[in-house]
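Counting from 10, one number per residue, gives the positions in the sequence shown under our numbering.
Virtual Cβ for every residue (Gly too), placed ideally from N, Cα, C.
As the structure is a prediction and not an experimental result, all values here were calculated from the model.
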Amino acid sequence: MAEFDGLDSRLRDAFAKAAEQGDSTGVADAIRSRIAAGDPGTSVAGGTAPGWGGGVFGWLPWLGLVVLAGIGGSALGASGVIASETREVVAGYTAVLDDSAPAASCPGGPVIGELFAGDRVLAVARSDDSAYLGVRDPNDFARTLWFDRAVVVIDAGQADVDSLPVEACPVVTVEVVAPTPEPTIGPIPIPVPGPAPVPGPSDTTAPKINTATGTPNPLYNLNPLLLRVTAGDGVGVVGVNVSWSGQFTGSSEMSLVKSEWRYTFTPPDPNSGDIHFTFRARDAAGNVSAPVTITIDHQYFG
Numbered sequence: 010m011a012e013f014d015g016l017d018s019r020l021r022d023a024f025a026k027a028a029e030q031g032d033s034t035g036v037a038d039a040i041r042s043r044i045a046a047g048d049p050g051t052s053v054a055g056g057t058a059p060g061w062g063g064g065v066f067g068w069l070p071w072l073g074l075v076v077l078a079g080i081g082g083s084a085l086g087a088s089g090v091i092a093s094e095t096r097e098v099v100a101g102y103t104a105v106l107d108d109s110a111p112a113a114s115c116p117g118g119p120v121i122g123e124l125f126a127g128d129r130v131l132a133v134a135r136s137d138d139s140a141y142l143g144v145r146d147p148n149d150f151a152r153t154l155w156f157d158r159a160v161v162v163i164d165a166g167q168a169d170v171d172s173l174p175v176e177a178c179p180v181v182t183v184e185v186v187a188p189t190p191e192p193t194i195g196p197i198p199i200p201v202p203g204p205a206p207v208p209g210p211s212d213t214t215a216p217k218i219n220t221a222t223g224t225p226n227p228l229y230n231l232n233p234l235l236l237r238v239t240a241g242d243g244v245g246v247v248g249v250n251v252s253w254s255g256q257f258t259g260s261s262e263m264s265l266v267k268s269e270w271r272y273t274f275t276p277p278d279p280n281s282g283d284i285h286f287t288f289r290a291r292d293a294a295g296n297v298s299a300p301v302t303i304t305i306d307h308q309y310f311g
């Protein structure tokens, strides 16, 4: 097309005036000098997008070519658009495990798993001395597994592993908290015993039997006989003993019923004769009252 003939000639002219291949300075200077001389560039009628018309803006598409040419030459000059040093960024190296080996959580750290001979891995880190390599866990991409350097074989044609980032085990800080000292306990005072209580006067007063009875009297055949005693003491009577002799012999403790002591006697056989009952009261101190005796007439008629 005719409208592109002039554009092609201008482009050839600009590149002809450029410096050595890869030097974008000459290309940029040539374009600036043409613009300064009043060259409006080439206008394409009808299909030109806004901002891409004549004048300075007519050169914008070709400035892009200049930039690309500068990048192809590895760096733009001081009069170019961008000037920066390029540096390779290593994301990781493909590798294979030479043998089955335990996987550690960090270089030389605790074992958390295992990979097997022939497993394909991506080496992403190394220890400070490069004795261990960290690989991406094939089962959990968020985790790094660490192996002895000799187990991980880097695929041929890749850079040395020293270009991998260095990682180490996390530093664990242990804070020792001093125990709270126990309060000092002084000597426990030993109580000094006071004087022993003086015992009161011992109880030497014996109880006294006030009344002693037996009913019925006379006692017929084998009917029961009720013996009743009342006794007194300054401290208290704790018991009354009754013994009998004459026609029958024996003894027993009487029972306290309300305010008197009682015992029920039953003749053991049908023999007739007098029975003598003797009572003795005692207190808690062991004092025994004077004996009191009553006689019961026992008659048996068959």
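Of the candidates VAL249, ALA112, ILE303, SER114, ILE303 places its Cα closest to the Cα of LEU234.
Residues of the same chain with a CB within less than 6 Å of the CB of ASP146, apart from the 5 flanking positions on each side, are ARG152, LEU154 in chain order. According to DSSP, residue pairing for PRO111 in a beta bridge involves GLU123. Per the DSSP secondary-structure output, PHE274 pairs in a beta bridge with LEU234. By the C-beta density criterion, VAL161 is buried, having at least 16 other C-beta atoms within 10 angstroms.
Here ILE284 is buried. Its C-beta has 16 or more other C-beta atoms within 10 Å. Assigned with DSSP and collapsed to three states, ALA104 falls in strand. For ASP149, the enclosing beta strand (DSSP E) begins and ends at 149-157. For the 9 Å CB-CB criterion, ARG291 and ASN250 form a contact. Within the segment 159-223, the complete beta strand (DSSP E) runs of at least 3 residues fall at 161-163. Collapsing the DSSP output to three states places TYR309 in coil.
ASN250 carries a strand assignment under DSSP once its states are collapsed to helix, strand and coil. If you check the CB distance, GLY223 and ILE305 come in under 9 Å.
Here ILE218 is buried: its Cβ has 16 or more other Cβ atoms, across all protein chains shown, within 10 Å. Here DSSP, grouped into helix, strand and coil, assigns ASP146 to strand. Boundaries of the beta strand (DSSP E) harbouring SER264: 264-266, taken from the DSSP string. Secondary structure note for ALA134: its beta strand (DSSP E) is the uninterrupted segment 129-135. Here the alpha carbons of VAL266 and ASP212 stand approximately 25 Å from one another. In this structure the segment 107-120 lies against the segment 129-146, because at least three pairs of beta carbons, one per stretch, are closer than 8 Å. Short of 6 Å from the beta carbon of SER252, and not among the five residues preceding or following it, lie these beta carbons of its own chain, in chain order: SER260, THR287. Here ALA159 is not near ARG129, since their CB atoms are 9 Å or more apart. TRP270 and ILE197 have their C-alpha atoms spaced approximately 55 Å apart. Taken through DSSP and simplified to helix, strand or coil, VAL244 comes out as coil. Under the three-state reduction of DSSP output, SER298 falls in the coil class, being neither helix nor strand. Taking C-beta separations shorter than 8 Å and ignoring five residues to either side along the sequence, the partners of TYR141 in its chain run ALA113, PRO116, GLY117, ARG135, TRP155, PHE156, ASP157, ARG158, following chain order. Note that the C-beta distance between VAL301 and ALA215 is not below 9 Å. Here GLY282 is bridged, per DSSP, to HIS307. Between VAL247 and ALA293, the alpha-carbon positions lie close to 6 Å from each other.
Excluding residues up to 5 positions away in sequence, CYS115 lie with their Cβ nearer than 8 Å to the Cβ of PRO179 in the same chain. Taking the C-beta atoms as reference points, PRO276 is found nearer than 9 Å to ASN232. When DSSP states are grouped into helix, strand and coil, ASP138 belongs to the coil group.
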